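Enquirer: For the sequence shown, our numbering begins at 2 and goes up steadily by one. A virtual CB, placed ideally from N, CA and C, is assigned to each residue, including glycine. Bear in mind the structure is a predicted one, so any value in this text is a computation, not a measurement. The following block contains the structure, expressed as structure tokens.
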Amino acid sequence: MKCPFCHHEDTQVIDTRVSEEGDTIRRRRRCAHCDKRFTTYERIELSMPVIVKKNGSRADFDPSKLRASLMLALRKRPVSAEAVDNAIHRIEEKLLSTGAREVISGHIGELVMRELKRLDKIAYIRFASVYKSFEDVAEFQDAIAEVGRERKAPAK
Ligand SMILES: [Zn+2]
């Protein structure tokens, strides 16, 4: 692996870790020339299922669209970029792990909602109110009640 800083050909692996799920290998490398360090990831490449929209049309899975919808819901919310990356990663993993060639768009919406619910209740309500059009009233009441409880909780 070439050094991304000085493009020297020889970099050493100084640490190797397998992810908890065992599907990713993270390697810490050091350039023998400039001594800078960087990380590489090795993962299994599987193809994402094709998205089937409500009207029956097909579209390729687009991670940038997934990110955009998460970011829109999370606008101005105190959620780190890393947490968003992890959420996107989990959604992609779930889609891959089904092994299906096609997935309905509604399923992705559900996965996004599940992640947002974990990340930030306000973002969850924002996304769900657009996505579900308040179909599931009970779920909303729960979510809103939960937000209320968190607000009332004393500051740590
Ligand atoms: Zn270098």
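1. Look at the Cβ atom of R30, then the Cβ atom of S20, and state whether they are nearer than 9 Å.
2. Does the distance between the C-beta of H8 and the nearest non-hydrogen atom of ligand 1 fall short of 8 Å?
3. Mapping the DSSP letters down to three states, classify F128 as helix, strand or coil.
4. Can you give the beta carbon distance from V148 to L120, rounded, assuming they're within the 8 Å contact cut?
5. Can you find the residues in the same chain that come closer than 6 Å, C-beta to C-beta, to D11, ignoring five residues on each side of it along the sequence?
6. Can you grab the Cα-Cα spacing for the pair E116 / K95, in whole Å?
7. Does at least one heavy atom of ligand 1 sit under 8 Å from the Cβ of D63?
8. Within 8 Å: the Cβ of T41 and any heavy atom of ligand 1?
9. Say yes only if the C-beta of D36 is nearer than 8 Å to one or more non-hydrogen atoms of ligand 1, and no if none qualify.
10. Please give the ranges of any beta strand (DSSP E) in the segment 44-119, keeping only runs that are unbroken, at least 3 residues long and fully inside the region.
Expert: Taking the geometry as given:
1. Cβ distance not < 9 Å, so R30 and S20 don't count as in contact.
2. Checking the Cβ of H8 against ligand 1 gives yes.
3. DSSP places F128 within a helical segment (H, G or I) once states are collapsed to three.
4. Rounded to the nearest angstrom, the Cβ distance from V148 to L120 is 13 Å, too far for a contact under 8 Å.
5. For D11, the CB contacts under 6 Å within the same chain, skipping 5 residues up- and downstream, are A33 in chain order.
6. Approximately 12 Å, taken between the alpha carbons.
7. No, the beta carbon of D63 sits no closer than 8 Å to any heavy atom of ligand 1.
8. No - ligand 1 has no heavy atom lying nearer than 8 Å to the Cβ of T41.
9. The closest heavy atom of ligand 1 lies less than 8 Å from the beta carbon of D36.
10. Segments of the beta strand (DSSP E) lying fully in the segment 44-119: 51-53, 103-105.
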